[in-house]
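In the numbering used here, the protein residues as written are 6 to 553.
Just so it is clear, CB atoms sit at the ideal spot from N, CA and C, and this is done for glycine as well.
No experiment lies behind these values; they were computed from the predicted model shown.
One structure below.
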């Protein structure tokens, strides 16, 4: 039986009224008993900003930086020719010729999209032949500084601005308010550090990430923890930061575009490792942005997989938020997922390796889950459970939908999970079935509003959540047919929701050479958590895949 503390936490979660769709929380429970809260979002949050009016109510236009701008000049062409990043002179010459033509045709700054279209019209072959490093080098060098007041040629940089009040996704605000509430429970005047190491250009990503909590009056600071800084601070070579940005990060010209961020990076480097660790230890929370988890891993572990002096401090913050790749990097083991569920089934490979922060130690995390139909790429990750360079096995997988967050509340008395935001979270576990062919998994879908008990590495929908479920509704049974193209769009999630609402006992689907069977067993149950489109909880449905 759960102790009184966890019962009290769940009770307050279910009574709260802030925004968490029935279990939202004012977080007014015992702070001393709560060691850590993880808020793991299934992707970059849909946030209304000056660069993303599509995420604003009525597509409102927010003042601020809307996009990067580029301009081709003789000086820039000369610099590109002088510092070309590869030994391929043919591609350099073709690029220089194309840029000279662009310079004549377009003498004003342009967006990346417009520059690409112009380049394609002039010489698409030269553009498409560029390597990733060459392409990034050229566009980094062509990017121009945008002053805050163009008419006065202001030295102050124009920044991307955020207005969360105008978010057209209420789920985004649910998640942000939960994080803010968690921070304030831990500290009356909390501080939040923002790590943007998942981005190729962490300096560019800092504006949006830092602004997310501005309207919540959270003191938020960008932590200039970049691969360049890591190399410089550990080798006492802060003076080499400009070169290290080129060699370690393959980014260029950032000092001209983001001078304030570059200044902050240098300042942090000069203060030394002890000051960096102290800064982190005195923060209430840290947020890791979306992008590439492998890039974020570079600032957590060295080439020999040894943690840096600040890694433990990051891992121990009272509140940790991840978005997309920032969620994935919370694993101890990072799975280098293949692109799709179908390719994962065909290749049956898993390139898991150590390198994550390890704040989440319950299994493998995947993101943009239902929308990208990633069930079987996660299944392959837990199926091939031995990571390359760490003695650990992965037993469970957790797939988080977009604009949704899996919340993990840890305390000395025990742990529990809940789901907040828009949609839900899939839980997968390997299981043995000797009665039929193929590979079998236990599939559960926890809609937003679900509270999950954790006991002995088992995850169960709480009795309180079940007791508060809505009555089942009468809808027609599913047609007796094999559902096609099941691994495209969000079809698998839709099928399991339909099974849940209709109390269906079995369904069969197909994707190319694979047959996917969904079967209710003695441990399967369905619970209508809410009346929302994805509000039906599926518990322990047998998910089998085989070929024919």
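Worksheet entry | Beta-carbon proximity check, residue 103 vs residue 124, cutoff 8 Å | Here residue 103 is taken as the residue at index 98 of the chain shown, counted from 1. Here residue 124 is taken as the residue at index 119 of the chain shown, counted from 1. In this structure, residue 124 lies closer than 8 Å to residue 103 by Cβ.
Worksheet item: Which word fits residue 70, buried or exposed, when buried means at least 16 other C-beta atoms lie within 10 angstroms of its C-beta?
Response: Counted from its first residue, the chain shown places residue 70 at position 65. Counting Cβ neighbours within 10 Å, residue 70 comes out buried, since at least 16 surround it.
Worksheet item: How about residue 327 and residue 335: do their beta carbons lie closer than 8 Å?
Response: Numbered from its first residue, the chain shown carries residue 327 at position 322. Numbered from its first residue, the chain shown carries residue 335 at position 330. Yes. Within cutoff.
Discussion item. Considering Cα atoms alone, identify which of 173, 347, 295 is closest to residue 48.
Written reply: Your numbering for residue 48 matches position 43 in the chain shown. Cα-wise, what sits closest to residue 48 is 295.
Worksheet item: Where does residue 243 sit, in a helix, a strand or coil, going by DSSP?
Response: On the chain shown, position 238 is the one that residue 243 refers to. Three-state result, residue 243: helix.
Worksheet item: Leaving out the 5 sequence neighbours to the left and right, which residues in its chain are closer than 8 Å to residue 224 when beta-carbon positions are compared?
Response: As a position in the chain shown, residue 224 is number 219, starting the count at 1. These residues qualify, in order along the chain: 194, 195, 196, 197.
Worksheet item: Pairing CB atoms from the stretch 499-511 with CB atoms from the stretch 470-485, are three or more of them under 8 Å?
Response: yes
Discussion item. Checking the sheet assignment: what are the DSSP bridge partners for residue 113?
Written reply: On the chain shown, residue 113 is found 108 positions in, with the first residue counted as 1. Paired residues: none, contrary to the question.
Practice prompt. Kindly indicate which residue of 142, 101, 464 has the alpha-carbon position closest to the one of residue 257.
Written response: Start at 1 with the first residue of the chain shown, and residue 257 comes out as number 252. Comparing Cα-Cα distances from residue 257 to each of 142, 101, 464, the minimum goes to 142.
Worksheet item: Residues in its own chain within less than 6 Å of residue 498 by CB, not counting five upstream and five downstream?
Response: Indexing the chain shown from 1 puts residue 498 at position 493. Correct list, in chain order: 375.
Worksheet item: Which residues in the same chain have their Cβ closer than 7 Å to the Cβ of residue 236, if we skip the five residues on either side of it in sequence?
Response: Numbered from 1 along the chain shown, position 231 holds the residue referred to as residue 236. Excluding residues within five positions, the ones whose Cβ falls inside 7 Å are 249, 253.
Practice prompt. Using the Cα positions of residue 489 and residue 113, report the straight-line distance between them to the nearest angstrom.
Written response: Taking the first residue of the chain shown as position 1, residue 489 is located at position 484. Taking the first residue of the chain shown as position 1, residue 113 is located at position 108. Each residue's Cα considered, the two are about 51 Å apart.
Worksheet item: Considering residue 265, what are the terminal residues of the alpha helix (DSSP H) in which it resides?
Response: For the purposes of this step, residue 265 is taken as the residue at position 260 of the chain shown. Counting along the chain, the alpha helix (DSSP H) containing residue 265 begins and ends at 264-276.
Worksheet entry | Proximity below 8 Å, CB of residue 188 to CB of residue 324 | Residue numbering aside, residue 188 sits at position 183 when the chain shown is read from its first letter. Residue numbering aside, residue 324 sits at position 319 when the chain shown is read from its first letter. Yes, they are a contact pair.
Discussion item. Restricting to Cα atoms, I'd like to know which of 210, 278, 408 is closest to residue 293.
Written reply: For the purposes of this step, residue 293 is taken as residue 288 along the chain shown, with counting starting at 1. Taking only the C-alpha atoms, the option nearest residue 293 is 210.
Worksheet item: Is residue 170 buried or exposed, if buried means 16 or more other CB atoms sit within 10 Å of its CB?
Response: One-based indexing of the chain shown puts residue 170 at position 165. Exposed is the call here.
Worksheet entry | Under the three-state DSSP convention, the category residue 451 falls into | Within the chain shown, the letter at position 446 stands for residue 451. Three-state result, residue 451: strand.
Worksheet item: Does DSSP put residue 212 in a helix, a strand or coil?
Response: Numbered from its first residue, the chain shown carries residue 212 at position 207. In the structure shown, residue 212 sits in a helix (DSSP, three-state: H, G or I).
Discussion item. What would DSSP say about residue 315, mapped onto helix, strand or coil?
Written reply: Walking along the chain shown from the start, residue 315 turns up at place 310. Reduced to three states, the DSSP call for residue 315 is coil.
Item to complete: Out of 467, 418, 408, point me to the one whose CA is closest to residue 174's CA.
Response: Counting from 1 along the chain shown, the entry for residue 174 is found at position 169. The option with the nearest alpha carbon to residue 174 is 408.
Practice prompt. Counting only runs of 3+ residues fully inside the stretch 447-535, write out the beta strand (DSSP E) ranges in chain order.
Written response: 456-460, 463-466, 511-516, 519-524, 530-533
Item to complete: Quickly, what does DSSP pair residue 371 with across the bridge? List them, please.
Response: On the chain shown, residue 371 is found 366 positions in, with the first residue counted as 1. DSSP output for residue 371 lists 404 as bridge partner(s).
Discussion item. Residue 76 and residue 86 - do their beta-carbons sit closer together than 8 Å?
Written reply: On the chain shown, position 81 is the one that residue 86 refers to. On the chain shown, position 71 is the one that residue 76 refers to. Their beta carbons are not under 8 Å apart, which means residue 86 does not touch residue 76 by this criterion.
Item to complete: Label residue 311 either buried or exposed according to how many other C-beta atoms from any shown protein chain fall within 10 Å of its C-beta, with 16 as the threshold for buried.
Response: Numbered from its first residue, the chain shown carries residue 311 at position 306. Exposed, by the Cβ-count rule.
Discussion item. Buried or exposed, going by whether 16 or more other CB atoms sit within 10 Å of the CB of residue 423?
Written reply: As a first step, residue 423 must be located in the chain shown, where it is residue number 418. That one is buried.
Worksheet item: Are residue 148 and residue 73 touching if we call contact CB-CB under 8 Å?
Response: Taking the chain shown and counting its residues from 1, one reaches residue 148 at position 143. Taking the chain shown and counting its residues from 1, one reaches residue 73 at position 68. Contact: yes.
Worksheet item: Do you know offhand how far residue 231's Cα is from residue 201's?
Response: The residue labelled residue 231 in the question sits at position 226 within the chain shown. The residue labelled residue 201 in the question sits at position 196 within the chain shown. Looking at the two C-alpha atoms, the distance is approximately 8 Å.
Worksheet item: Is residue 326 helix, strand or coil when you go by DSSP?
Response: The residue labelled residue 326 in the question sits at position 321 within the chain shown. Three-state DSSP puts residue 326 in a strand.
Fill in: Straight-line gap, residue 547 to residue 526 (C-alpha atoms, nearest Å)
As a working mapping, residue 547 is identified with position 542 in the chain shown. As a working mapping, residue 526 is identified with position 521 in the chain shown. Using only the alpha carbons, I get a separation of about 7 Å.
Worksheet item: residue 151 to residue 303, Cα distance in whole Å?
Response: The count along the chain shown starts at 1 and reaches residue 151 at position 146. The count along the chain shown starts at 1 and reaches residue 303 at position 298. Near 30 Å, if we compare the C-alpha coordinates of residue 303 and residue 151.
Discussion item. For a minimum of 4 consecutive residues, which ranges assigned as the alpha helix (DSSP H) are wholly contained in the stretch 114-199?
Written reply: 117-133, 137-147, 175-191
Practice prompt. Compute the Euclidean distance between the alpha carbons of residue 540 and residue 287, then round it to the nearest angstrom.
Written response: Here residue 540 corresponds to residue number 535 of the chain shown, with the count starting at 1. Here residue 287 corresponds to residue number 282 of the chain shown, with the count starting at 1. The straight-line gap from Cα to Cα measures roughly 39 Å.
Item to complete: Leaving out five residues on either side along the sequence, give the residues of the same chain with a beta carbon under 8 Å from the beta carbon of residue 52.
Response: Within the chain shown, residue 52 is the residue found at index 47, counting from 1. 60, 167, 169, 172, 177, 213, 217, listed in sequence order.
Practice prompt. Starting from residue 87, follow the alpha helix (DSSP H) in both directions and report where the run begins and ends.
Written response: As a working mapping, residue 87 is identified with position 82 in the chain shown. 79-87 is the extent of the alpha helix (DSSP H) around residue 87.
Worksheet item: Going by the CB atoms, is the gap between residue 466 and residue 533 shorter than 8 Å?
Response: Here residue 533 is taken as the residue at index 528 of the chain shown, counted from 1. Here residue 466 is taken as the residue at index 461 of the chain shown, counted from 1. Contact: no.
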